[in-house]
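Colleague: Starting off with a structure, shown below.
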Amino acid sequence: WDNGHIGPQGDCYNPLTITFDLNMPSSSNWTATASTLDSNGVNVLSLTNSVDSTNGSVSSIAVELASGKYTVTVTNQDGSVFTFTATASFDPMSATFLSTSGDKGNANMYNQTVVPNGTYRGTFEYNNSDRISINFGSQPASNYSLNIVSVASRSSRNVCFVNPMNSDDSLASSYGPDYVSGDLVVFTVGDGQGNVIELVATPGSNNAGVFTNPDSSTEFFVFYVLASTNSACPVGTYSYDSPFTRTPQHIQRPTIPLPRIMKP
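Heads up, the sequence shown is in the working numbering, so the first residue is 98 and it goes up one at a time.
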């Protein structure tokens, strides 16, 4: 089991994401506790919103399956509680939530990892004079790690992505592993010249706040500058909730040789 997602309010896509790991018992009725999602030694339980907050606001998560219904109880450090409820079904499961502060609404729950694939193009709000390409290539579908992700600007006008950046950059790798959990993807890229940017991706939703299919062509991206030698894009620069669209796959049609006609 990986995460629940609270839908956007109005036209602002700003989901609450709760990420955790749990080995579910094989029985049909059970209660279990998930305290952390550990990705190569990194506790990502505290990643609780779309701008990659790490304030550690979640203190515990309890999951129950009873009579074909999942109940996920999330307790925060301030004592507030979010309760998510979903009928066991295909992945992702549509759910509802209710908090002790009176917040309520719809959510999605995933028990499989969903990784973007192919190349996505879009424009960040920060210095948005240029379109950015983010290429996921071929990615694993069911573990917490990612293969190489590359990010490039289509020209040199975007001050934060002047040089091509890759997730296999040694400095970027020093900030921790890239990972995927549910529909949340977090990765760090560098340009080999001391510039490192972290990116977070989550799938889009329609105008009614209903989440699209995880294999849809829309992803919302966040970026945050972790290290910089570029005065035009200093550490702490960020842009968030920017929609990117997957470019269509162009399939090369095979060339079929025409038969030679022999005339007498």
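Just so you know, even glycine gets a beta-carbon here, dropped at the ideal spot from N, CA and C.
Here the structure is a predicted model, which is why all the values come from computation and not from measurement.
List the whole-angstrom C-beta distance separating F318 from G215, where the pair is believed to meet the contact cut-off of C-beta under 8 Å.
Modeller: Actually they are not in contact, since the Cβ atoms of F318 and G215 sit about 14 Å apart, beyond 8 Å.
Colleague: Could you name the residues that DSSP lists as bridge partners for I245?
Modeller: I245 is not bridged to any residue.
Colleague: With distance defined between alpha-carbon atoms, name the residue in Y276, S264, N260 and K201 nearest to V211.
Modeller: Looking at the Cα atoms, Y276 is the closest of the given residues.
Colleague: Have a look at S123 and T334 and give me their C-alpha separation to the nearest angstrom.
Modeller: The alpha-carbon atoms of S123 and T334 are separated by roughly 46 Å.
Colleague: Taking the beta carbon of P345 as the centre, do at least 16 other beta carbons fall within 10 Å, making it buried, or is it exposed?
Modeller: Label assigned to P345: exposed.
Colleague: When the Cα of Y217 is compared with those of T128, S250, T172 and D265, which residue comes out closest?
Modeller: Among T128, S250, T172 and D265, the Cα nearest to that of Y217 is on S250.
Colleague: In three-state terms, what does DSSP make of G119?
Modeller: In the sequence as presented, Gly is not what sits at residue 119; that position holds Leu. Of the three classes helix, strand and coil, the one that applies to L119 here is coil, per DSSP.
Colleague: Considering only C-alpha positions, which residue in the set S264, S125 and S186 is nearest to E56?
Modeller: In the structure displayed, the chain extends from 98 to 361; residue 56 sits before or after that span and is not available.
Colleague: Following a CB-centred definition, is I158 positioned closer than 7 Å to any heavy atom of the ligand GDP?
Modeller: Although the ligand GDP was asked about, the structure shown includes no ligands whatsoever.
Colleague: For A163, count the other beta carbons within 10 Å of its own beta carbon; 16 or more makes it buried, fewer makes it exposed. Which is it?
Modeller: By the neighbour-count rule (16 or more Cβ atoms within 10 Å), A163 is not buried but exposed.
Colleague: Using DSSP's beta-bridge definition, name the partner residues of A183.
Modeller: The partner list for A183 (beta bridge, DSSP) reads Y167 and A192.
Colleague: In three-state DSSP terms, what is S157?
Modeller: Note: S157 maps to strand in three-state DSSP.
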